[in-house]
Amino acid sequence: MKYIFVIIFMFLGYVLYAQKANSVKTYDTLYIYFNHGKGQEKFQEHIKSSDNKSNDAYYIYFNENKMNYILLGHLIVDNPEVRHAKKSFLRKNKNKIIKASKLREYDLKEALSIIGSKIVYIIDEEDFHNGDILLREVRTGSSLNDFEM
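Numbering-wise (our numbering), the sequence shown opens with residue 152 and increments by one.
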């Protein structure tokens with residue numbers, strides 16, 4: 152009897168997880184929660200200016216040798232949108248938010264199909280200050296040169 156409950160629980164978890172990925176695909180805007188965990192790196196290049204801006208590159212790696220990755224670039228040259236929001240934004244938009252660690256559970260092509268041609272924002276855990284969060288618009292790239300979106 153115990154095994155039946157375990158199997159049912161695992162099946163429900165799989166169904167709910169699959170629904171999360173499919174529901175994210177339906178939105179035109181996607182928010183990727185970046186917590187600097189395993190397989191995630193951020194590189195910053197500070198620009199000398201009065202407002203202390205920086206170019207940021209967020210990498211999500213799909214294997215240990217870092218050959219397969221998604222690059223999310225916040226480049227000042229592109230004039231990306233930067234928005235401030237209250238922490239309640241996370242709760243209100245939880246269906247549009249996917250964690251970078253969850254993207255790593257897919258293979259690279261599946262993760263890119265989830266991102267698709269959406270408007271993508273990074274929610275960087277380092278940008279949480281006094282109940283406010285910073286949403287940075289990013290451009291998407293990957294290690295697959297032949298992938299077409």
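In this text, a Cβ means the ideal position worked out from N, Cα and C, and glycines have one as well.
Using beta-carbon positions only, say whether residue i and residue j come within less than 8 Å of one another.
i      : j      : result
Asp340 : Arg287 : Because the chain spans 152 through 300 in this model, residue 340 falls outside it and cannot be assessed.
His187 : Glu276 : yes
Gln191 : Ile211 : yes
Could you give the distance in angstroms between the alpha-carbon of residue i and the alpha-carbon of residue j?
i      : j      : result
Ile249 : Glu256 : 12 Å
Met300 : Asp283 : Residue confidence for Met300 is low, a pLDDT of 39 falling below 50, so the modelled location carries little weight; the figure read from the coordinates is stated next. The straight-line gap from Cα to Cα measures roughly 33 Å.
Arg234 : Asp179 : 17 Å
Ile266 : His225 : 16 Å
Asn206 : Ile227 : 6 Å
Where do the ends of the alpha helix (DSSP H) carrying residue i lie?
i      : result
Ile266 : Leu259 to Ile266
Looking only at its own chain, which residues have a Cβ that is under 6 Å from the Cβ of residue i, when we skip the five neighbours before and after it?
i      : result
Tyr184 : Ile248, Lys250 and Ile274
Gly292 : Leu222
Ser264 : none
Tell me where the beta strand (DSSP E) around residue i begins and ends.
i      : result
Arg234 : Val233 to Lys237
Leu223 : Tyr220 to His225
Which residues in the same chain have their Cβ closer than 7 Å to the Cβ of residue i, if we skip the five residues on either side of it in sequence?
i      : result
Glu232 : Glu288
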